[in-house]
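Asks: There's a structure below that I have some questions on.
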Amino acid sequence: MMADYYNYLVVVLLMTLGLYIVMTQGNLVKKLIGLNVFQTSVFIFYISTAKVNGGTAPIVIDGAELYSNPLPQVLILTAIVVGIATMALALALVLRIKRAYGSVEEDVILEQDKPC
Numbered sequence: 013m014m015a016d017y018y019n020y021l022v023v024v025l026l027m028t029l030g031l032y033i034v035m036t037q038g039n040l041v042k043k044l045i046g047l048n049v050f051q052t053s054v055f056i057f058y059i060s061t062a063k064v065n066g067g068t069a070p071i072v073i074d075g076a077e078l079y080s081n082p083l084p085q086v087l088i089l090t091a092i093v094v095g096i097a098t099m100a101l102a103l104a105l106v107l108r109i110k111r112a113y114g115s116v117e118e119d120v121i122l123e124q125d126k127p128c
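Numbering-wise (the numbering used here), the sequence shown opens with residue 13 and increments by one.
Dropping the structure here:
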């Protein structure tokens with residue numbers, strides 16, 4: 013019975029871990045890693061809920077009555093590509109912030125950005 017909900021437990025743990033990292037870390041790169049962990053947990057959740065037990069590929073064959081929907085897998089592949097592109101842009105911005113402020117620590121950046 014508990015094995016049926018194992019994937020949900022993993023999703024909740026990863027979401028909690030990702031959110032914790034984003035909220036507690038001051039380093040911008042670590043925050044991005046936390047967002048990536050959170051995003052991965054959403055992917056796992058979406059894929060695990062789309063699983064059809066006993067379903068076959070959506071190809072008409074003799075004897076198949078239950079088919080799996082390929083749309084969730086396609087959506088997740090698209091989301092992974094978008095996530096990689098977004099992460100690359102975010103890392104480029106962090107690199108630009110490092111050049112401008114000399115640090116990727118949130119406290120240092122906010123301190124330097126304070127009006128005199």
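Ideal placement from N, C-alpha and C gives every residue a C-beta, glycine not left out.
(1) Find out if the Cβ-Cβ distance for the pair Leu78, Gly95 is shorter than 8 Å.
(2) Mapping DSSP to helix, strand and coil, what is Glu77?
(3) Would you mind reading off the limits of the alpha helix (DSSP H) that contains Thr28?
(4) Taking its Cβ as the centre, do 16 or more other Cβ atoms sit within 10 Å of Lys63, making it buried, or is it exposed?
(5) What are the start and end residues of the alpha helix (DSSP H) that includes Thr52?
(6) Relative to the C-alpha of Leu31, which candidate in Tyr20, Lys43 and Gly38 has its C-alpha closest?
(7) Hey, which unbroken runs of the alpha helix (DSSP H) at 4 residues or more fall wholly within the segment 66-113?
(8) Of all the options Leu40, Ala100 and Val86, which has the alpha carbon lying nearest to the alpha carbon of Val120?
(9) I'd like the list of long-range same chain contacts for Lys110, defined as Cβ closer than 7 Å, with 5 residues on each side in sequence excluded.
(10) Look at the alpha carbon of Met14 and the alpha carbon of Gly114, and state the distance between them as a whole number of angstroms.
(11) Are the Cβ atoms of Ile33 and Val23 separated by less than 8 Å?
Replies: The answer reads as follows:
(1) On the sequence shown, position 66 is the one that residue 78 refers to. On the sequence shown, position 83 is the one that residue 95 refers to. No, they are not a contact pair.
(2) Looking up residue 77 in the sequence shown gives position 65. For Glu77, the three-state secondary structure derived from DSSP is coil.
(3) Taking the first residue of the sequence shown as position 1, residue 28 is located at position 16. Tyr18 to Thr36 is the span of the alpha helix (DSSP H), which, as asked, contains Thr28.
(4) By one-based count along the sequence shown, residue 63 stands at place 51. That one is exposed.
(5) Residue mapping note: residue 52 aligns to position 40 of the sequence shown, counting from 1. Here the alpha helix (DSSP H) through Thr52 covers Leu40 to Thr61.
(6) Within the sequence shown, the letter at position 19 stands for residue 31. Nearest of Tyr20, Lys43 and Gly38 to Leu31, Cα basis: Lys43.
(7) 83-113
(8) For the purposes of this step, residue 120 is identified with residue 108 of the sequence shown, where counting begins at 1. Among Leu40, Ala100 and Val86, the Cα nearest to that of Val120 belongs to Leu40.
(9) For the purposes of this step, residue 110 is taken as the residue at position 98 of the sequence shown. Excluding positions up to five away in sequence, the list reads Val116.
(10) What you label residue 14 is simply residue 2 of the sequence shown in a count that begins at 1. What you label residue 114 is simply residue 102 of the sequence shown in a count that begins at 1. Gly114 has its alpha-carbon roughly 50 Å from the corresponding atom of Met14.
(11) Counted from its first residue, the sequence shown places residue 33 at position 21. Counted from its first residue, the sequence shown places residue 23 at position 11. Taking 8 Å as the Cβ cut-off, Ile33 and Val23 do not qualify as a contacting pair.
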